[in-house]
Structures are given as structure tokens and as C-alpha cells.
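First comes the structure, then the notes that go with it.
In the working numbering, the protein residues as written are 24 to 131.
Right, dumping it as C-alpha cells:
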């Protein structure tokens, strides 16, 4: 069996909490929907992480076990701790893949 690709799906998870239409469309958050879609692939192990979790959901231990990070940002870019940004950047420079979604181009 081939090695599993370890994916972490990160989402700020704010629109789903503040906009009824978005909550209705994504009752488990957009990260839940993306995770469900990716998790259907037999060669992927998928976890989710969100902004309001400790360490913004991305402590060293999670990043160390992540081959590819998907990043969904829209309205809370400034709420991501600088320390989290530093951890993510360090892992990317070590070779972790990054897929930036939506308006992540405004991220730190």
C-alpha cells in the first residue's frame, strides 16, 4: 500500500457562524465539506483545523503530521496569530504543500 497523503484542511470558520445562508449551505463548515470530499480518496488521511482552536488549530504537532495544508481565509486574516504564520511558513519551507483557497491571497 502506498503512503497516505496527510492533508489538513484549515478554515477560519467565521462565515458559517455569522451568516445564516452560509451555515445552511455548510452545516459542518466549509472545512467539513472539503474534508469530506478529499477524504473519499483512499490515498488521503484528512483532518480539519479552525482559527478558534488552540494555536489557531495548527500547533507544531499537527503541522509535523501534515503533508499538504489547504487554507481557506476570507474575513479574519488579521486574527491569525503571527506565531501560527511563522509555524506554517517554516513547514512550507521544509516541504509541506500549501493550497490557498478563496481570498487567502490577503492572508499574512
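Heads up, the beta-carbon is just placed ideally off N, CA and C, and yes, glycines get one too.
| Check | Outcome |
| --- | --- |
| Based on DSSP bridge pairs, tell me the residues matched to residue 81. | Answer by DSSP bridge pairing: none, since residue 81 is not bridged. |
| Quick one: using the 10 Å Cβ neighbour count with 16 as the cut-off for buried, is residue 96 buried or exposed? | buried |
| I'd like to confirm the pairing. Which residues does DSSP put opposite residue 10 in its beta bridges? | Nothing about residue 10 can be reported from this structure: the residues present for the chain run from 24 to 131 only. |
| Could you check which residue in 113, 92 and 46 has the C-alpha nearest to that of residue 33? | 92 |
| Is the Cβ-Cβ distance between residue 99 and residue 121 less than 7 Å? | no |
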